[in-house]
């Protein structure tokens, strides 16, 4: 997408953007679900891997690395364990994608109307991306919390929630409406700079990769430039705000079910700053980046798939509506 006012027609109609965003979220989520489950398990693991004494009496699995975590989940919970929480996650990604791209498009168009008072394109992209991420995250947060709790629970007799409906009823009954928004402050605090950096970087790199992919020096498949720009933008942005993502996951599993997940020794955390301080005090800076490797493994392909699918879906919808005469 372009921040330039002269290219607004290429952004598509609101209907096209909503559909393309939803399709991009749906496909992206299914592809990266196993990495997402592995990331959540590693983020919730508090014992030190370098100190065997710290997990000598831990009840539950001890995960060591991305591949090892995936293998352990398959061995102990079956292949379906890698898609735990996929139903609320799919709902979240579809809604998130539709809201995110719609908000981004609308904000970009509003900023373009400032004429001579307009900010530079990277700044416009940062503002539009930050607002889009904040609105989409707050709107879909309960689904994000449910996704985390399903991914964190065990199988068989160790399951906490039997279904999506029962989980909603249980949280509402025992934790109230606020229970669905545990860690929301950390989520919004993370996603605003993340999406701002992501879209600013994406919009800057996209034309560069596009020119390379169309050159004779390094010809690439159609859409490869969008995917590459999305991947690089995601890695940069994710690394910068990762501690808040970890804090969000720790806060999401607080409440009466805290000691019932796969990791039974999750401490009680209260508030974003207190959680950051406690993690730093007990595990240092490395503790704030636990699960970063798998997060980058997940974020890079997820963003590449999302942006490639979005751009392709939007183009197909535009061509289809032009062909059938829809205005």
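Residue numbers (my numbering): 30 to 356.
Using N, Cα and C, we set each Cβ at its ideal position, and we do this for glycine too.
Note that the structure is predicted; figures quoted are calculated from it, not measured.
Look at residue i and residue j and say whether their C-beta atoms are less than 7 Å apart.
i: residue 95; j: residue 323; result: yes
i: residue 320; j: residue 68; result: yes
i: residue 48; j: residue 117; result: no
i: residue 272; j: residue 317; result: yes
i: residue 217; j: residue 177; result: no
i: residue 329; j: residue 237; result: no
Return the chain-ordered list of same chain residues with a C-beta closer than 7 Å to the C-beta of residue i, the five sequence neighbours on each side being excluded.
i: residue 123; result: 51, 54 and 55
i: residue 92; result: 70, 71, 74, 98 and 101
i: residue 158; result: 133, 224, 225, 227, 228 and 229
i: residue 234; result: 258, 261 and 262
With 16 other CB atoms within 10 Å as the buried threshold, where does residue i fall?
i: residue 106; result: buried
i: residue 212; result: buried
i: residue 311; result: exposed
i: residue 109; result: exposed
i: residue 205; result: exposed
i: residue 203; result: exposed
i: residue 305; result: buried
i: residue 349; result: exposed
i: residue 82; result: Note that residue 82 scores 49 on pLDDT, short of 50, meaning its location in the model is unreliable and no value can be drawn from it.
Distance, Cα to Cα, residue i vs residue j?
i: residue 97; j: residue 340; result: 34 Å
i: residue 125; j: residue 143; result: 28 Å
i: residue 221; j: residue 65; result: 20 Å
i: residue 146; j: residue 214; result: 32 Å
i: residue 183; j: residue 259; result: 33 Å
i: residue 131; j: residue 46; result: 6 Å
i: residue 315; j: residue 347; result: 47 Å
i: residue 168; j: residue 253; result: 31 Å
i: residue 136; j: residue 160; result: 8 Å
i: residue 153; j: residue 342; result: 24 Å
i: residue 286; j: residue 197; result: 13 Å
Once you ignore the five residues that flank residue i on each side, which residues in its own chain have a CB closer than 6 Å to its CB?
i: residue 266; result: 223, 226 and 227
i: residue 188; result: 182
i: residue 171; result: 209
Please confirm if residue i has its CB atom under 7 Å from at least one CB of chain C.
i: residue 93; result: Included in the structure is just one protein chain, with no chain C present.
Got a sec? Which residues, its chain only, sit under 8 Å from residue i by beta carbon, not counting five neighbours each side?
i: residue 307; result: 296 and 298
i: residue 148; result: 140 and 156
i: residue 291; result: 70, 73, 89, 90, 181, 182, 183 and 187
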